[in-house]
Each structure stands twice: as structure tokens, then as C-alpha cells.
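Sequence order for the protein chains is A and B. In this text, residue positions in the first sequence follow full-length UniProt numbering: the first is 1, and each later residue adds one. In this text, residue positions in the second sequence follow full-length UniProt numbering: the first is 1, and each later residue adds one. For glycine and all other residues, C-beta sits at the position ideal for the given N, C-alpha and C. For clarity, every value in this text was computed on a predicted model and none was experimentally measured. For reference, the structure is listed below as C-alpha cells.
Protein chains: 2
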Amino acid sequence: MNISDVADRTGLPVKTIRYYEDIGLISPARSANGYRSFSESDLHMLAFLGRARSLGFGIDACRSLLRLYNDKSRASADVKKLAQAHLAEIDQKLAELNQMRDTLSHLVDTCAGNDRPDCPILADLASQA
Amino acid sequence: MNISDVADRTGLPVKTIRYYEDIGLISPARSANGYRSFSESDLHMLAFLGRARSLGFGIDACRSLLRLYNDKSRASADVKKLAQAHLAEIDQKLAELNQMRDTLSHLVDTCAGNDRPDCPILADLASQA
DNA sequence: TATAGGGCTTCCAGTAACTGGAAGGTCAAG
DNA sequence: CTTGACCTTCCAGTTACTGGAAGCCCTATA
């Protein structure tokens with residue numbers, strides 16, 4: 001299978017697939033003409049990667065997950081540990097964003113948004129020095 | 001004032017302050033010895049930038065905010081528009097993260113996390129191909 | 001058979017916002 | 001006069017791609 005077929009079937013951009021090979025996540029075979037020749041297994045791994053990325057796992061975590069995925073003697077505890085660590089990061093990020101959102105939405109609500117210069121948003125940014 | 005004093009008083013890293021000068025956010029004077037010499041105004045702008053960044057505004061938005069801040073004939077509507085756009089981005093990000101969190105936390109809950117290989121997390125990643 | 005197109009290849013550069021480190025000038029204290 | 005803490009600039013690396021250039025390969029059609 002050529003790269004654009006794989007892109008169609010996985011939903012990943014062609015560029016991303018090449019990139020994943022560059023950084024060693026996959027190692028598709030090559031045809032005589034130099035074209036990448038993807039197996040069903042490559043396809044599965046790429047789909048796996050796409051899904052893991054869509055859940056926000058970083059590339060390093062994806063690498064580990066893929067290794068565990070391909071290791072039939074893995075312990076599910078190792079997978080869970082990775083997922084929990086990632087969940088903690090997400091929760092951390094959520095807390096930050098919610099904090100930002102609260103502050104910002106309050107400021108937006110109190111700004112008249114007219115042609116006058118007075119602005120509680122700028123006042124806040126300037127005051128918290 | 002030298003750069004490390006400014007860093008202390010704004011909470012920004014020295015490197016970040018130099019970076020902000022590089023990209024034209026501030027233009028501190030120079031002493032005879034070549035050292036940056038920060039005015040109170042520079043200090044205010046840096047504090048302003050620090051606060052804006054902490055609310056998640058990107059550098060470009062910060063640049064606009066700083067311009068508005070220094071423009072006494074601004075319209076608060078322009079500030080509000082920037083803030084609302086940023087708020088929309090935050091809400092978008094929050095929606096994505098909450099979605100990730102829900103999926104991931106469900107998967108984590110259903111994973112035994114023992115020394116057996118069976119793992120619903122990997123199963124999910126593999127299935128959604 | 002020549003050629004036009006589309007797909008494939010590699011490599012280089014750019015993105016956001018810093019951060020780390022190297023090489024070297026400056027200043028105050030002892 | 002030396003030591004150590006500052007300061008300077010410049011270069012490289014970070015994350016996960018993405019865009020673009022230059023050029024080979026393959027197929028179909030005139």
C-alpha cells in the first residue's frame with residue numbers, strides 16, 4: 001500500500017506518516033522504486049498512534065504505548081500507569097484553563113466594550129504587577 | 001535598573017525579558033557599558049505582559065494588548081474583542097480536554113492494572129482504527 | 001514515443017515561546 | 001589583581017508537525 005492510501009485509511013496526513021517513520025515509530029518496507037510499502041501491521045500501528053495522539057498522549061508516551069501494544073507479555077499495570085500520568089497532566093491543564101477562563105470571562109463581562117478608553121481588562125492586566 | 005532586578009520584580013525569567021526585547025515587545029535603554037537599563041515604564045510593560053501571558057494570551061495578542069494599553073485614545077471594544085476571541089479559544093481547548101479526560105478516565109477505570117496483559121486501554125486504542 | 005499529470009522521494013525551513021549553554025566583557029570586593 | 005557574580009550575544013534544542021522546493025517514478029493519452 002502506498003502512503004496516500006494509508007493516509008486515507010488512517011486519517012493521518014501524509015506528512016505526519018513520514019514524520020512518524022523519521023522518528024522511528026514505524027518502519028514500513030520499501031518497494032523497488034523507493035516508495036514506502038505499508039503492511040496491514042503498519043496500518044494498525046498508525047491507526048493506534050492516531051488514536052493515542054487524539055487522546056493527547058505525547059509522542060514519547062505513544063512510543064511506550066506502541067511498545068506495550070506490541071509486547072504480548074506486557075503487564076496492564078504499565079499501560080495504566082502511563083494513562084494515569086497523562087490523565088494527571090490533563091487535569092492539571094484543565095485546572096489552569098478553568099482558572100484562566102474564570103478570570104477572563106469575569107473581565108470580559110465587566111468591560112463595556114464601547115468606544116471609550118476605560119477598560120477593566122487593561123486595568124487588571126496593569127494592576128496585577 | 002539591571003535585568004536581574006527586573007526579573008526579581010516582575011517574576012519573569014531573565015531569558016524571557018531578553019526574548020521580549022528581541023521580538024520587539026519592549027525596548028529598554030542601554031547603559032554605557034552595554035547593559036540594559038530598564039525604566040519604570042519598562043517594568044510596568046513587562047508586568048503587564050507577564051499577567052497577559054498568565055491568562056494565556058499569545059504573544060501576538062500581547063503585542064496588541066500592549067499597544068492598546070499604551071494608546072490612551074483606545075476603544076474598550078477593541079480590548080474586549082481580543083479578550084473574547086481568546087476566551088473562545090480557551091473554551092474550545094477546554095472542550096477538547098474535557099472530552100479527552102472523560103474518555104481516558106473511563107479507560108483507566110476499566111483497566112485492572114495488574115501483571116496480566118489484557119488491557120482495555122490498549123484495546124480501545126487499537127479498535128478505533 | 002513524447003509528454004503531461006499526479007504521486008512519490010528527500011531535505012530545508014518555519015511554527016510558539018521560550019530555555020540552556022558557550023564564549024566572553026564588566027564590575028565590586030577583598 | 002584575582003575571584004565571582006553579573007552582563008552581553010549567538011547558537012541550538014524543545015513539540016509535533018507543516019509547507020515548500022527540487023527532482024524521480026508511473027500511467028495514460030495524443
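Are at least three pairs of beta-carbons, each pair with one atom in the segment 71-78 of chain A and one in the segment 106-120 of chain B, less than 8 Å apart? yes
Starting from A:Met100, find everything on chain B with Cβ-Cβ shorter than 7 Å and list it in chain order. Leu55, Gly56 and Ile90
Comparing the C-beta of B:Asn111 with each C-beta of chain A, is any distance below 7 Å? Inspection of the sequence shows that residue 111 of chain B is occupied by Cys rather than by Asn. So yes, B:Cys111 belongs to the interface.
Note down the Cα distance separating A:Arg101 from A:Ala52, rounded to an integer number of angstroms. 27 Å
Which ranges would you report for the alpha helix (DSSP H) in the segment 7-61 of chain A if only whole runs of at least 4 residues count? 14-22 and 40-54
Could you name the residues of chain A that B:Ala126 contacts, counting a contact when the two beta carbons are closer than 9 Å? His44, Ala47, Phe48, Arg51 and Tyr69
Residues of its chain near B:Ile17, where Cβ-Cβ distance is below 7 Å and the 5 sequence neighbours each way are ignored: Ile3, Val6, Ala7 and Leu46
With a threshold of 7 Å between beta carbons, is A:Ala75 in contact with chain B? yes
The segment 77-86 of chain B / the segment 60-69 of chain B touching (three or more Cβ pairs under 8 Å): yes
CB of A:Val108 within 7 Å of CB of B:Gln84, strictly: yes
Among B:Gly24, B:Arg30, B:Ile23 and B:Asp22, which has the Cα closest to the Cα of B:Met1? B:Arg30
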